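Chemist: Let me begin by handing over the structure; questions about it come next.
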Amino acid sequence: MSAPEATRAARPGAAARTRRRPIPGEHGAWGAFLTGIALGAALAVQAGGPLWPALSAGAAAVVLFMLREALFQAYRPQRARDPARQAAERQEAARARRWVLGELLALLVIGGLLVGATRQVWLVAAGAAGLGFLAFFVLLRRSRQERSAWAEVVGFVGMSAAGPMGYLLSVSTAVQEGLAGSEGPVLLHLAEGGLQWGTVERALLVWLLLALYFVGPVFYVKMKVAQQRERPSTPMDRVRLGWGTLLYSAALAAVLALAGSAAGVGTWPFVGYVPSLVKNVVGVFRVKLPLNLRRIGFTEVGLSLLFALGIFLGLG
């Protein structure tokens, strides 16, 4: 047994702390999920659609996100060397497998009820794509690449689809049931083909905006971890560690400012992004140690809500 392992084993309650519930602990990821779901539900109501399909689709997305963590814990490689910690890890894996079964059952129930109630058969393909996306990340976990920058970018792009998917489901249900008419501030009406391209286009636009926004914190958190490790003392050293954050923030701000009108959202998304832009620039030059990832996560949740509000106002 190595010295660090011996210290952890001797620490009171060390084994108990390993047996945590298989619930994702990433505050930023939870913020991305819930912000997108809330935005999709708000846009659905604005478009004249019922609220329950958007919320039900959001609930399915949350269960899928939790299923990812349960699979991570259920099938991760055993790393402990001492028998006590090995036994604790086996117990944790067994409990995680029970969560996997429960969450798979919940997904089947929610998905079956949604398909039956809305008669939207495309949900089956969407669910299969979600499970495939999940399997991809489980494979990454087995190879210990799930925390790489590119994997986190792909993950946030996928999570950003939850809200737009709920919006699209709600509007398509409204069109099918004749709840939404051709009048009002929405890009839909009862046409011969059902949903018009405008509605799908809006969902894709919201997905793109959310994905572009939520990729930004990946650069920011990586920069903060590097600052914690290297403790830069000069402005040039801080720019060296934060150039990715600065470039991405500037590029996204330029896109939002210049392309907002062409995309039909005006300047509101840019206004909603300004607080995050300021945070990113200040974060490059302000090195605060020790690193508090929880505080960073909660800050990102608040800033993401402001950006989502900007999207909502821009599409209103």
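For the sequence shown, position 115 (counting from the first letter as 1) is numbered 119 according to our numbering, and the numbering increases by one without interruption. In this text, a Cβ means the ideal position worked out from N, Cα and C, and glycines have one as well. As the structure is a prediction and not an experimental result, all values here were calculated from the model.
(1) Do you know offhand how far Y252's Cα is from R25's?
(2) Is it true that the CB of G276 sits closer than 7 Å to the CB of L250?
(3) Go through its chain and collect everything with a Cβ distance to L321's Cβ below 7 Å, but skip five positions before and after it.
(4) Helix, strand or coil for I114? Go by DSSP, reduced to three states.
(5) For R35, which residues of its own chain have a beta-carbon under 6 Å away from its beta-carbon, when the five flanking residues on both sides are left out?
(6) Would you kindly work out how many angstroms separate the C-alpha atoms of M227 and R233, rounded to a whole number?
(7) Under a three-way DSSP split, which group does I27 fall into?
(8) The alpha helix (DSSP H) that contains G320, what's its start and end?
(9) Can you look up S152 in the DSSP assignment and give me helix, strand or coil?
(10) Nearest-angstrom Cα distance between R290 and Q95?
(11) Measure the alpha-carbon distance for G120 versus V259 and round it to whole angstroms.
(12) Classify V125: buried if its beta carbon has 16 or more other beta carbons within 10 angstroms, exposed otherwise.
(13) Assess contact between the segment 67 to 80 and the segment 140 to 155, defined as three or more Cβ pairs (one per stretch) separated by less than 8 Å. Is contact present?
(14) Please report how far the alpha carbon of E73 lies from the alpha carbon of L59, in whole angstroms.
(15) If you follow the alpha helix (DSSP H) that Y252 is in, where does it begin and where does it stop?
(16) Throw me the rounded Cβ distance for the I27 and M70 pair, which I believe falls under 8 Å.
(17) Find out if the Cβ-Cβ distance for the pair G134, L43 is shorter than 7 Å.
(18) Based on Cα-Cα distance, which residue from A312, R83, V222 lies nearest to R148?
(19) For W56, which option in L262, G162, Y171 has the closest C-alpha, if you only look at C-alpha atoms?
(20) Would you mind sorting M169 into buried or exposed? The rule is 16 or more other CB atoms within 10 Å of its CB.
(21) Are I51 and V179 closer than 7 Å when you measure CB to CB?
(22) Given a threshold of 16 other Cβ atoms within 10 Å of its Cβ, counted over all protein chains shown, does S280 qualify as buried or as exposed?
(23) On the DSSP letters alone, give me the boundaries of the alpha helix (DSSP H) that K283 sits inside.
(24) Can you look up Y79 in the DSSP assignment and give me helix, strand or coil?
(25) Which residues in the same chain as H31 place their Cβ atom closer than 7 Å to its Cβ, once the five residues preceding and following it in sequence are excluded?
(26) Keeping to the same chain, check which residues put their C-beta closer than 8 Å to that of P54; ignore five residues upstream and five downstream.
(27) Just the C-alpha distance for P87 and E93, rounded to the nearest angstrom, thanks.
(28) Any idea if A64 is buried or exposed, counting beta-carbon neighbours within 10 angstroms, 16 or more meaning buried?
(29) Could you give the distance in angstroms between the alpha-carbon of R206 and the alpha-carbon of V225?
(30) Report the rounded CA-to-CA distance for G136 versus Q90, giving the unit in angstroms.
Modeler: Reading from the atomic positions:
(1) 35 Å
(2) no
(3) Residue 321 is absent from the structure shown; the chain starts at 5 and stops at 320.
(4) helix
(5) It should be pointed out that residue 35 corresponds to Gly in this sequence rather than to Arg. If we look at G35 and ignore the five residues flanking it on each side, its Cβ neighbours are E304, V305, S308.
(6) 10 Å
(7) coil
(8) Run containing G320: none; DSSP gives neither H nor E here.
(9) coil
(10) 43 Å
(11) 41 Å
(12) exposed
(13) yes
(14) 22 Å
(15) 239 to 267
(16) 6 Å
(17) no
(18) R83
(19) Y171
(20) buried
(21) The sequence shown places Ala at residue 51, not Ile. No, they are not a contact pair.
(22) buried
(23) 272 to 289
(24) coil
(25) R298, G301, F302, V305
(26) A48, S174, T177, A178, L183
(27) 10 Å
(28) buried
(29) 30 Å
(30) 31 Å
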